[in-house]
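Q: So the protein sequences, as listed, match chains H and G.
Going by the working numbering, the residue at position 34 of the first sequence is 34; the numbering climbs one at a time, nothing skipped.
Just add 112 to wherever you are in the second sequence, counting from 1, and you've got the working numbering.
This is the structure, below, for whatever I ask next.
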Amino acid sequence: DSGVTQTPKHLITATGQRVTLRCSPRSGDLSVYWYQQSLDQGLQFLIQYYNGEERAKGNILERFSAQQFPDLHSELNLSSLELGDSALYFCASNGGWTDTQYFGPGTRLTVL
Amino acid sequence: GESVGLHLPTLSVQEGDNSIINCAYSNSASDYFIWYKQESGKGPQFIIDIRSNMDKRQGQRVTVLLNKTVKHLSLQIAATQPGDSAVYFCAENEGNTGKLIFGQGTTLQVKP
């Protein structure tokens, strides 16, 4: 158990819908990272937050957004969902960006 | 563009043998490298890391070797066990954001 929690574990929805994925970092960690894992693209970095502020962005679609709240949990919002958005979404956390990132169990999103 | 890649998609070894998983990276400015293990249905699990000022680091049954001259990283697992069966990813830390760039992964199969 990494100490990073993610909910829900599974999510099934339809194209065009909007979903919210939630992540709670390890106790004391200020940085939260979101990654997408698909069969054809592997593990891809989406976005990073540090103590409530956006720190880095990867190839995140404009339909996707995230935020980190004062209690340091983070949410990833995916809107206007397409079939190709079906993937595993992982959250990771660490205390600072030079530290080891610990991953949560992931949310499996299926878009029908 | 920068990338981190693994040489072999699948490695099959006999239980008790040593395993070596290789990785090539392209960004010579990267200074931190990590190996993760991912079991089916789970998030990536930290195994071992190494910073660019080192060329070798040992853990429990695992050793990571870094050759900066040829931009090559390897993970050695001693006395491989059935529980080591998983997908192994190398990752490269992209400087001051903490963004991880992952390789495509190598599937390790351990035959009893």
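Glycine residues also receive a C-beta, built at the ideal position from the N, C-alpha and C atoms.
Would you call the segment 60-72 of chain H in contact with the segment 131-149 of chain G, where contact means no fewer than 3 C-beta pairs closer than 8 Å?
A: The answer is no - the segment 131-149 of chain G does not touch the segment 60-72 of chain H, with fewer than three Cβ pairs under 8 Å.
Q: How would you list, in chain order, the residues of chain H whose beta-carbon sits under 9 Å from the beta-carbon of G:ASP235?
A: There is no way to answer for residue 235 of chain G, as the model of chain G reaches only from 113 to 224.
Q: Assuming H:PRO70 and H:GLN6 are in contact, meaning their beta carbons sit under 8 Å apart, how far apart are those beta carbons, in whole angstroms?
A: No, H:PRO70 and H:GLN6 are not in contact; Cβ-Cβ is about 19 Å, not under 8 Å.
Q: Are the segment 187-200 of chain G and the segment 14-34 of chain H touching by the rule of at least three beta carbon pairs closer than 8 Å?
A: No: fewer than three Cβ pairs fall under 8 Å.
Q: Mapping the DSSP letters down to three states, classify G:THR209 as helix, strand or coil.
A: In the structure shown, G:THR209 sits in a helix (DSSP, three-state: H, G or I).
Q: Could you check the C-alpha separation between G:VAL125 and H:HIS73 for me, to the nearest Å?
A: Their backbone Cα atoms lie some 41 Å apart in a straight line.
Q: When you compare each of H:TYR50, H:TYR33, H:VAL19 and H:THR98 to H:PHE90 by their alpha carbons, which one comes out closest?
A: Minimum Cα distance to H:PHE90 is reached at H:TYR33.
Q: Using DSSP bridges, identify the partner residues of H:GLY104.
A: DSSP, once it has assigned bridges, lists no residue as partnering H:GLY104.
Q: Report the neighbours of H:PRO105 on chain G: residues whose CB is nearer than 7 Å to its CB, in chain order.
A: Within 7 Å Cβ-Cβ: LYS154 and GLY155.
Q: With burial defined as no fewer than 16 other Cβ atoms inside 10 Å of the residue's Cβ, what is the status of G:GLU127: buried or exposed?
A: Looking at its Cβ environment, which holds fewer than 16 other Cβ atoms inside 10 Å, G:GLU127 is exposed.
Q: Judging by CA-CA distance, which residue of H:TYR35, H:SER86 and H:THR98 is the nearest neighbour of H:GLY66?
A: Reading off the sequence shown, one finds Ala at residue 66 of chain H, where the question assumed Gly. If we check each option's Cα against that of H:ALA66, H:TYR35 comes out closest.
Q: In angstroms, rounded to a whole number, what distance separates the CA positions of G:CYS135 and H:GLY96?
A: Distance between the alpha carbons of G:CYS135 and H:GLY96: 25 Å.
Q: Nearest to H:LEU78 by alpha carbon, out of H:THR98, H:GLN48 and H:GLY16?
A: Residue H:GLY16 is the option with its Cα nearest to H:LEU78.
Q: Verify whether the separation of the beta carbon atoms of G:SER186 and G:ILE132 is less than 7 Å.
A: Yes; because the gap between Cβ atoms is below 7 Å, this pair is in contact.
Q: Examine chain H for any beta-carbon lying closer than 7 Å to the beta-carbon of G:GLN216, and answer yes or no.
A: Closer than 7 Å: yes.
Q: Whose C-beta lies closer than 7 Å to the C-beta of H:ASP85 among residues of the same chain, with five residues either side of it excluded?
A: LEU78, LEU109 and VAL111, listed in sequence order.
Q: If we call anything under 7 Å between Cβ atoms a contact, is H:GLY42 one with G:GLN221?
A: Their beta carbons are not under 7 Å apart, which means H:GLY42 does not touch G:GLN221 by this criterion.
Q: Against G:ILE146, what residues of chain H qualify as contacts under a CB-to-CB distance less than 9 Å, listed in chain order?
A: Correct list: THR100 and GLN101.
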